[in-house]
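I have placed the structure first, in the form of structure tokens, so that the comments after it can refer back to it.
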Amino acid sequence: MTPRWPRRRKGGDEAVPAAFDNTVPAPRHGSAESQQVAVGDGGVGAGRDVSHNAFGQGSQVVDNRQTHIHHTPREVTWPLEVGTVPGLASAFQPRSALRDQVDAARAQGSAAVLTQVLSGGGGVGKSQLAAAYAGEALRDGTDLVLWASAVEVQQVVTLYAQAAVLVAAPGTTGADPERDARALLSWLATTNRRWLVVLDDITDPTAIRGWWPASRTGSGWVLATTRLHDASLTGNGRRRVRVDVYTPVEAASYLRTRLTDDEAGHLLDDTVDELATALGYLPLALGHAAAYMLNQDLTCTRYLKLYNDSSRRLHEVLPEAADADGYGRQIATTLLLSLDAAQRTEPAGLARAALQVAAYLDPAGHPYALWNTPAVLAHLTAHRTPAPDAADDAPDVTAEEAEAVLRVLHRYALITNDRRQEPRAVRIHALTARAIRETTPVAAPARLAHATAEALLGMWPDPDVTHPGLAAALRTNTDHLHRHTSNHLLQHQVHPVLYRAGNSLLYAGLASAAVAYWDTLSDLSQQILGSDHLQTLTTRNNLAQSYWQAGRTSEAIAVHEAVLTDQERLLGSDHPDTLTTRNNLAQSYRQAGRTSEAIAVHEAVLTDRERVLGPDHPHTLSSRNNLALAYGQAGRTAEATPLHEAVLAGIERVLGPDHPDTLTTRENLALAYGQAGRTSEAIAVHEAVLTDQERLLGPDHPQTLTTRNNLAASYWQAGRTSEAITVHEAVLTDQERLLGPDHPQTLTTRNNLATSYWQAGRTSEAITLLETVRTGQERVLGFVHPETLTTRNNLAISYWQAGRTSEAITLLETVRTDRERVLGPDHPHTLTTRNNLAASYWQAGRTSEAVTLLEAVLSDLERVLGSGHPDTLTARDNLAAMRRSAGS
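Sequence positions in the sequence shown follow our numbering and run 1380 to 2267.
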């Protein structure tokens, strides 16, 4: 006897209305820039030597009024430290990976000096890393270690002049600091003495250009720090080393070490990693936070709650008083130190407005193409700070100027702009973004929110499932914009970009995330717009669709029915939104096994959509597709297959062959062929669809996984059992990883794999797996859900194959009762269960009962499926075998 064919997940269900679609082609990715950028600090203020005294021990002024100044050489006592090397911060992290880069770059210098330009924004620890190298050089007995603050070039000249006197450089007079400084450069170039010069926090590459030391003997090297990404800082043997924030491991280690060393290990708890993440792994922020926790005796959990309180400002949660490591500035000041300079740089007056846009988006990055959208260009035009003598009618900001201001912000390490990282080319550190938001005028976020939302919407591809990386970036940026702009996108109406983001989750098959998204948006819409607002009804409908996709069918039906009642009252029965909800309600009925109700609603909706929208409207095509699925579920295969073929012809004409809806329709046609016993045609279509989905959607997309599962089921149906098992096992691994072990699709695949094991004779494995699936489905879907009934039927067949006949009979009798009640007596699945029950009676020696039952089943199969259907033929063969056995 043949068991019930494995149940296969069907797609093609319309998810949400398309009323808010407003897209342009996907943005082009620009070419890669030559240099990556980082975010870092301006150096440690406590270690700067600002002395202007050029005279050292052993120097003598004979007569300041005379032309000749006599310098008396002296014996130099080595080693020498000029300037003050800063002490290392508490719990200093060695940053081994970063040091390896510096050491490798230094080693490549051979006999020539190799200057490392440690580039990064505020607070990333450039100066601390340089101080670690300087400290090691002092301990190793390096002859000269010179630490010069390079914020102003005169400070460098002064320290050079002082060092020239101390090392007795030829030509040093002690009277002319600039001449003495050049004498030091000459001495450094030719001496065999070992030396290290640190130029800390270069702010003017042009001014420092003539003051870079060199060593023709290879005995010395230069280490410079800067937050600038300026090409003039590299070249001539200088190589940039990008200094970023701590790694997650380094950040958590810093917190643990800092608190433990101060005998405050009790403040550590299991949120230490989460706290490090919240602080963006920024050394400056970690140092301030640890000191504040120590001062206030706050655990990681308590401090994290304080830090995440959006009503508190940075100076409250990271106060200047907690600067235990001598950074010398309040954190927001440090992070935005170079903004004024960027604002003055051409194109002048745009840096602040552009940085504000970036600050309200995802710190992990947004697409570069955002800056070419009309909405952002208009926003920059409206919020450009005019020059004092500028005309009132200044021209609009161009795309070229927007690109230029990104390069300016990149150069000053306020953002990272790297088009090689598309679709997250433009990034900003989370703390820099917070500092900007806290200094943005109160009225600005409303205007900024709508301008940026329009820009995101304008670059959203349709369909976006063929651009998964871009879609994910647009979703996270929409989420950050919404969270940071105080619900300005929900004033008067729900901004269309919020619908696009939620629909994108549904189209991507991210059911749990979609439920959370639409649940939150539905609540907000009811609070802000009111429960009868039309867009509130739309958000509730989409919440129901996310329930449906997650397999939470009873919740989906309840919400759909409530929304439908409200829409019919407010909009009327023919409004497109009302028709969409009726269609989606029918889909939920079908998922719940209420097939006859689903067919009745689908037929009515199709008639109304053809009249209201026209026969070729995508929603009308979707209704035809869904009606065909319902016919298939009811066993009305002769009606389902031609309807699927007609839908495919229409959707290919309207949407094109590569549209995701077209692929889903082709997949549904393959399922219809399989249900009709046209197995070879089903396999051919499944394989073609799978190839296209892997190309367009990617191998991990839920629809691709569904097609692979369906292809395996068709292999099973064709008797290609080993191939079916191989594909099912691979799909199950991927679904458990991507969807989770309890997702309805994962459970379906387990059921199908067990059926393949059964067909291969691996009965004990099949039973074990099916018992696990039944438990999961009863918990997730319910005891009489159609999927659960399928698994119970297949488990009974496995018992039958294992010779556990009494258990098989008991289970099949309950499944038959439940299927007759839920699906109806003529449903193919009900007939399959009755066929399997007859086989169990026969195996138990209850031959007359088996023959009587199978005769009734055969009659019903011929009436419902036709005399040539494979199930009908199998039942006929089994009946003949039973009769022969009974006659003998």
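Virtual Cβ for every residue (Gly too), placed ideally from N, Cα, C.
In this structure, the straight-line span from the alpha carbon of Arg2129 to that of Val2110 is close to 9 Å. Taken through DSSP and simplified to helix, strand or coil, Ser2246 comes out as coil. Pro1802 is positioned such that its CB atom lies no closer than 8 Å to that of Ala1737. Between Ala2009 and Arg1969, the CB-CB gap stays under 8 Å.
Beta-bridge analysis with DSSP links Leu1459 to Leu1523. When secondary structure is reduced to three states using DSSP, Val1980 falls in the helix class.
In this model, Gly2119 and Thr2125 are separated by some 7 Å (Cα to Cα). For Arg1485, the closest C-alpha among the options Thr1552, Ala1527, Ser1594 and Ala1548 is that of Ser1594.
By the neighbour-count definition (other C-beta atoms within 10 Å, threshold 16), Gln1735 is a buried residue.
Membership of Gly2155 in the alpha helix (DSSP H) is indicated by the continuous run Thr2142 to Val2159. Taking the CA atoms as reference points, Leu2069 sits about 31 Å from Glu1989.
Contact between Gln1946 and Thr1957 holds: their C-beta atoms lie close to 4 Å from each other, under 8 Å. For Thr1795, the beta-bridge partners assigned by DSSP are Arg1806. For Leu1517, the closest C-alpha among the options Val1577, Ser2246 and Asp1482 is that of Val1577. For Val1577, the secondary structure class from DSSP, reduced to helix, strand or coil, is strand.
Around the C-beta of Gly1881, 16 or more other C-beta atoms lie within 10 Å, and the residue is accordingly described as buried. Per DSSP, Arg1637 lies in no beta strand (DSSP E); the unbroken alpha helix (DSSP H) holding it starts and ends at Pro1627 to Asp1640. Closest by C-alpha distance to Arg2003, out of Asp2037, Ala1971 and Asn1962, is Asn1962. In this structure, Glu1454 lies away from Val1524, with their beta-carbon atoms at least 8 Å apart. For the 8 Å CB-CB criterion, Thr1570 and Asp1559 do not form a contact. Scanning its chain for C-beta atoms nearer than 7 Å, with the 5 sequence neighbours on each side dropped, one finds around Ala2175 the residues Ala2187, Leu2190, Leu2191, Val2194 and Asn2215, in chain order. Per DSSP, Gly1930 lies in no alpha helix (DSSP H) segment and is marked neither H nor E.
The Cβ atoms of Leu1868 and Leu1900 lie no closer than 8 Å to each other. Excluding five sequence positions before and after Asn1687, the CB atoms of its chain that fall closer than 7 Å to its own CB belong to Ala1657, given in chain order.
With respect to Thr2083, Ala2139 sits apart: the two C-beta atoms are not nearer than 8 Å.
Residue state for His1863 is assigned as helix, using DSSP reduced to three classes. According to the DSSP assignment, Gly1599 belongs to the beta strand (DSSP E) that extends over Gly1599 to Thr1605.
C-alpha of Thr1626 to C-alpha of Glu2166: approximately 46 Å in a straight line. Straight-line spacing of the CA atoms in Leu1793 and Ala1655 works out to 21 Å. Residue pairing by DSSP places Ser1528 opposite Asp1579 in a beta bridge. Closest in alpha carbon position to Val2236, among Leu2210, Pro2249, Tyr2220 and Asp2256, is Leu2210.
Residue state for Leu1647 is assigned as coil, using DSSP reduced to three classes.
The beta carbon of Asp1775 sits closer than 8 Å to those of Leu1756, Ala1757 and Thr1760, all from its chain and outside the five residues before and after it, given in chain order. Per DSSP, reduced to three states, the secondary structure at His1789 is helical.
About 5 Å separates the CB atoms of Thr2170 and Arg2153; that is less than 8 Å, so the two are in contact. A distance below 8 Å separates the beta carbons of Gly1744 and Val1805.
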